[in-house]
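**Q**
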Amino acid sequence: MTQQERAAEYQDAQRALSAQLVEEMAPLWELIRLGAFATTVPAWIEAVLELLRRFAGMSGTLAADHYADERDTAGVRGIFQPTPAEIPPGKAEASLRWAVKDLWISKADNPPPIEERLAAAEEKASGVAQKIVADVGRDTIVQAMGEDPEVLGWGRTTGPDACFFCALMASRGPVYESEETAGGSANDQFEGEGKYKFHDHCDCTVYPVFRGQRWEPPAYVDEWDRLYTVSTGSERGTQAKLRAFRRAFEGRED
Ligand SMILES: [Zn+2]
28 MTQQERAAEY QDAQRALSAQ LVEEMAPLWE LIRLGAFATT VPAWIEAVLE
78 LLRRFAGMSG TLAADHYADE RDTAGVRGIF QPTPAEIPPG KAEASLRWAV
128 KDLWISKADN PPPIEERLAA AEEKASGVAQ KIVADVGRDT IVQAMGEDPE
178 VLGWGRTTGP DACFFCALMA SRGPVYESEE TAGGSANDQF EGEGKYKFHD
228 HCDCTVYPVF RGQRWEPPAY VDEWDRLYTV STGSERGTQA KLRAFRRAFE
278 GRED
């Protein structure tokens, strides 16, 4: 199996975990009762938090095992077992509260009917839950970079049906720990968090690149990179480039 195939297989495993999470989360929504949000929403949050902790554990273990397998395959020196990451303290509670906050919009603001708001809140909640669990897997691999001297960087595995944002991120190639290890040609376009940006419902995963390895992206990622160059050549500034790439990406024929 090539590194590309192994990365895709790992993405499938994380994707299956996300699907299972969404499935197990759905019946918990029944805990929320119209006219009794003050007591039933906190009960729902508690139940979801427990579910998230369980799935985060699985996501972290899956990622740590993937990392260890990749390390073995790369044949680098020494032994290193990554520690599975955890949900950052308070993060899950805050995200779930954000997902359901519109249930409390006051009548004065002329909100949509409660049925609509409930459906929207459930959709948001499943998105943040998926991201929280998937992030634990991503964090596990990115965190290992700080501790394992044999890992050079990490990249983003993005499927062929990605949205323009993930396509753009993936087309930038792996993120190396330093300009030096990247051969001085890192083409980062974004400030701040850089390429470590994932949206709700995003099924992108992270793969490690070890000493001696060279990542060969799937053909569709090369195509995205080509599209970026062609569509943004005459644009100035990050926002203008983003818009130009989005237009080109969403308007392309498959
Ligand atoms: Zn994505």
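So the sequence shown is numbered by my numbering: it starts at 28 and just counts up by one. Idealized CB from N, CA, C, for every residue including glycine. Just so you know, these numbers come straight off a predicted model, no measurement behind them.
1. Phe82: which of Tyr203, Cys193, Asp162 and Glu143 sits nearest, CA to CA?
2. According to the Cβ coordinates, are Tyr255 and Thr167 closer than 9 Å?
3. Note down the Cα distance separating Arg273 from Ser198, rounded to an integer number of angstroms.
4. Evaluate the contact criterion for the stretch 176-196 versus the stretch 66-76: three or more CB pairs, one atom per stretch, below 8 Å.
5. Would you give the residue range spanned by the alpha helix (DSSP H) that Pro69 belongs to?
6. Among the candidates Asp188, Leu195, Ile159 and Trp125, whose CA atom is the shortest distance from the CA of Gln266?
7. I need the DSSP call for Thr184, collapsed to helix, strand or coil.
8. Let me check understanding here. Comparing Cα to Cα, which of Gly260, Gly154 and Phe237 lies closest to Val49?
9. Measure the CB-CB distance between Val169 and Val233 and report whether it falls below 9 Å.
10. Rank Glu142, Asp230, Ala101 and Ala34 by C-alpha distance to the C-alpha of Asp129 and give the top, closest one.
11. Return the first residue and the last residue of the beta strand (DSSP E) that Tyr234 is part of.
**A** The relevant details are as follows:
1. Asp162
2. no
3. 13 Å
4. no
5. Phe64 to Ala101
6. Leu195
7. strand
8. Gly154
9. yes
10. Glu142
11. Thr232 to Phe237
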